[in-house]
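Structure record follows, encoded as structure tokens.
In my numbering, the protein residues as written are 46 to 343.
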């Protein structure tokens, strides 16, 4: 306040507007160690802005994080209120808890609807299943994730969506939303083997090449193999997907087929069936060995 007014308390007023102190206002800060009454200094024209404890602040910084953490774990407003009272011996109103969670919800909605880049060279689409508390009960829900690689090579989480289960129809709504938020082209989309998934992407981005997830294919292949031969089969599979050209990859697949078809015929069969959606990266490299991806596409 002294710095703001330019003079000490009871000192000579040297500022031109004649602003002076005007007592204090009392309020109580709530924190994890209890409550603390404080007196906030005031000036006559109301231009003073406290820095450590801001105007309208009623709890310590970081207390919002505690409320949000409890809310994210599925606790209701009343449950959070009771938990904070039991743990920190401080009374928090339901209105304050709602205000904190609503503010975060607004930020989440802004993040969910933010504009995206026009072009993403690579787009990873996958789904994870998590336990979620909903209406007092805990159940498993599918969380859809879209991870894009920007033109500068930086990975960016484009969005998250929640659904009771995973399906190609919901993925169609996801890629449609990405298009509505500004995405105009995706070079390669990396997905798992969900039925109808590639077709859903191609209906929105017809020029996008679909690359099936190699990890899913390898896991699917190795589930037929016994433990004693799994390491050898995995090494032969790596020769296929780690090849630098399409020709070398096809040659490695033929070698794998000759070596293991008698014991595990389904391995080569599954790779052959999905080969068109496995060699997208190799085909792109073979057709466009030089130059910038964006220039080649546009």
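Every residue, glycine too, gets a C-beta built ideally from N, C-alpha and C. Just so we're clear, the structure is a prediction, and the values are computed from it rather than from any experiment.
Does the beta-carbon of residue i have 16 or more other beta-carbons within 10 angstroms, so that it is buried, or is it exposed?
i           : result
residue 82  : exposed
residue 253 : buried
residue 126 : buried
residue 100 : exposed
residue 173 : exposed
residue 75  : buried
residue 63  : exposed
residue 294 : buried
residue 51  : exposed
residue 227 : exposed
residue 323 : buried
residue 175 : exposed
residue 271 : exposed
residue 337 : For residue 337, the predicted model reports a pLDDT of 48, less than 50, meaning its position is unreliable; a value from the coordinates is still stated below. Result: exposed.
residue 132 : exposed
Closest by CA to residue i, which one among the options?
i           : options            : result
residue 17  : 110, 159, 168, 283 : The structure shown does not extend to residue 17, since the chain is modelled only from 46 through 343, so no value can be given for it.
residue 90  : 67, 165, 99, 275   : 67
residue 197 : 165, 204, 218      : 165
residue 169 : 69, 144, 260, 295  : 260
residue 65  : 87, 75, 80         : 87
residue 274 : 229, 304, 220, 184 : 304
residue 178 : 93, 152, 116       : 116
residue 316 : 215, 238, 113      : 238
residue 216 : 229, 171, 184, 194 : 171
residue 92  : 49, 157, 262       : 49
residue 292 : 307, 306, 320, 308 : 320
residue 118 : 95, 184, 157       : 184
residue 182 : 286, 120, 157      : 120
residue 225 : 157, 286, 262      : 157
Taking C-beta to C-beta, are residue i and residue j nearer than 8 Å?
i           : j           : result
residue 236 : residue 257 : yes
residue 103 : residue 72  : yes
residue 279 : residue 240 : no
residue 246 : residue 255 : yes
residue 153 : residue 113 : no
residue 219 : residue 250 : no
What distance in whole Å lies between the Cβ atoms of residue j and residue i, which are believed to be in contact at a cut-off of 8 Å?
i           : j           : result
residue 202 : residue 223 : Not a contact, Cβ separation roughly 12 Å.
residue 277 : residue 288 : Actually they do not touch by this definition, with Cβ atoms about 18 Å apart.
residue 167 : residue 194 : 4 Å
residue 136 : residue 130 : 6 Å
Is the number of C-beta pairs between the region 187 to 196 and the region 206 to 219 that are closer than 8 Å three or more? yes
At a cut of 8 Å, does the region 266 to 284 reach the region 311 to 324 through at least three beta carbon pairs? yes
Counting pairs of Cβ atoms below 8 Å between the region 155 to 173 and the region 138 to 145, do you hit three or more? Look at the beta carbons and you see the region 155 to 173 not touching the region 138 to 145: under three pairs across the two are nearer than 8 Å.
Is the region 275 to 289 touching the region 240 to 249 in the sense that three or more CB pairs, one from each, lie closer than 8 Å? Judged by Cβ distances under 8 Å, the region 240 to 249 makes no contact with the region 275 to 289, as fewer than three pairs qualify.
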